[in-house]
Amino acid sequence: MKILDGRVLAKKIFDRLMTCPKPAKQLAILVPANNDKASEGFIAEIRDAAQSLAVATRILYRADGATTKDFVEDLQRWGSDPSIGGAVLILPLPPGVDRESVLSAMPILKDIDCLNPETKGIMPPASRAVYHIWFEIIPKELRCIGDPCKVAMVGRGLLIGKPIARFLSAYCHPVSVFGRNSDLSELAEAELVILGTGVPKLISPTMLKPGAAVIDFGYPGDFDSGHPEADKIGWYVPAKGGTGPLLVACLMETFYQLTVGLK
């Protein structure tokens, strides 16, 4: 099993961003009161990454009891604020808040994660991460994009599962999407397995095809990398030190796309 160090690729992305014009606008992050420790760590990494690029951030923490109206008004205000170039909404939203109404209020020209169904022409961070892994890191003979291969996406979340499945469906055939409670027996036929449920050790190597590549977005790790048979897979991209730092770099990359026209 070969393990990909996402920090190396993330550094390449940051090095490239360092050569771009500095964005004059702010990166705004809206945080609900029910955010957890993992989310706080992610926010801190985004803040540090922005600081390293001299990008200003604005972080708004919503208190307990915030309503759908509160979140909608925050996002609408950011949409009309010319000083903000990109917006991030930390999920999940608190119980009782209407997710559809809030996501529809995300300004489409500043929607880094493509949460608004009307947002077009933006590659969200998770899709960018998969793009970089396959086109810049994995050797050509192991790439499946552009070739007929079987891909499995485990997790249907708005930030990971859905955007990655949409992205890969344009290149791979077929792309099967599973929930955490689905029958996962079909994983044994997939050459590429992408995980994003957040359920620790949900996937055992015994469930996978020998030589398969696994990209793990679940925190702290959906794949049981400590299993005695873990070496049967070909590539493993862990959440810690792999997709984690890469997601932060790709989020900044999308911000640069929105603010300075980065291709």
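Count the sequence shown with the working numbering and you get residues -1 to 261, in order.
The C-beta atom is built at its ideal place from N, Cα and C for all residues, glycine as well.
Small disclaimer: the values here were computed from a predicted structure and weren't measured.
{"query": "What's the gap between the Cα of lysine 9 and the Cα of alanine 247?", "result": "8 Å"}
{"query": "Is it true that the stretch 91 to 100 meets the stretch 37 to 56, where meeting means three or more beta-carbon pairs spaced less than 8 Å apart?", "result": "no"}
{"query": "Look up valine 53 in the DSSP assignment and say whether it is helix, strand or coil.", "result": "coil"}
{"query": "Could you check the C-alpha separation between lysine 261 and glutamine 255 for me, to the nearest Å?", "result": "6 Å"}
{"query": "To the nearest angstrom, how far is it from the Cα of valine 29 to the Cα of cysteine 18?", "result": "28 Å"}
{"query": "Given this structure, state the Cα-to-Cα distance separating glycine 196 from glycine 219, to the nearest angstrom.", "result": "7 Å"}
{"query": "Pick helix, strand or coil for methionine 151, following the three-state DSSP scheme.", "result": "strand"}
{"query": "Express the C-alpha separation of alanine 127 and aspartate 13 in angstroms, rounding to a whole number.", "result": "16 Å"}
{"query": "Using only CA atoms, which one of Ser183, Leu15 and Leu107 lies nearest to aspartate 79?", "result": "Leu107"}
{"query": "Assuming contact is defined by CB atoms lying nearer than 9 Å, are threonine 252 and isoleucine 158 in contact in what I supplied?", "result": "no"}
{"query": "Under a Cβ-count criterion, where at least 16 other Cβ atoms within 10 Å of its own Cβ denotes burial, should arginine 60 be classed as buried or exposed?", "result": "buried"}
{"query": "Between the alpha carbons of methionine -1 and isoleucine 41, how many angstroms are there, rounded?", "result": "31 Å"}
{"query": "Leaving aside the five residues before and after proline 21 along the sequence, list all residues of the same chain whose C-beta is less than 6 Å from its C-beta, in chain order.", "result": "Val53, Gly83, Thr257 and Val258"}
{"query": "To which residues of the same chain is glutamine 49 closer than 6 Å at the C-beta, ignoring the five residues directly before and after it?", "result": "none"}
{"query": "Please work out which residues of its chain come closer than 7 Å, Cβ to Cβ, to arginine 5, disregarding the five sequence neighbours upstream and downstream, and give them in chain order.", "result": "Gly239 and Pro243"}
{"query": "Pull up the distance between the alpha-carbon of leucine 166 and that of alanine 210, whole angstroms please.", "result": "16 Å"}
{"query": "Buried or exposed: alanine 168, going by 16 or more other Cβ atoms within 10 Å of its Cβ?", "result": "exposed"}
{"query": "Tell me the DSSP bridge mates of lysine 0?", "result": "Trp233"}
{"query": "With DSSP collapsed to three states, give me the class of valine 95.", "result": "coil"}
{"query": "If distances are taken between C-alpha atoms only, which option among Ser202, Cys112, Asp3 and Glu43 comes closest to isoleucine 262?", "result": "Past the boundaries of the shown model lies residue 262; the chain is included only from -1 to 261, so the question cannot be answered."}
{"query": "From the DSSP secondary-structure annotation, give me the bridge partner or partners of isoleucine 86.", "result": "Rather than isoleucine, the amino acid found at residue 86 in this sequence is valine. Looking at the DSSP assignment, valine 86 forms a beta bridge with Ile27."}
{"query": "Going by beta carbon distance, what residues of the same chain come within less than 8 Å of arginine 164, once the five residues before and after it are set aside?", "result": "Ser125"}
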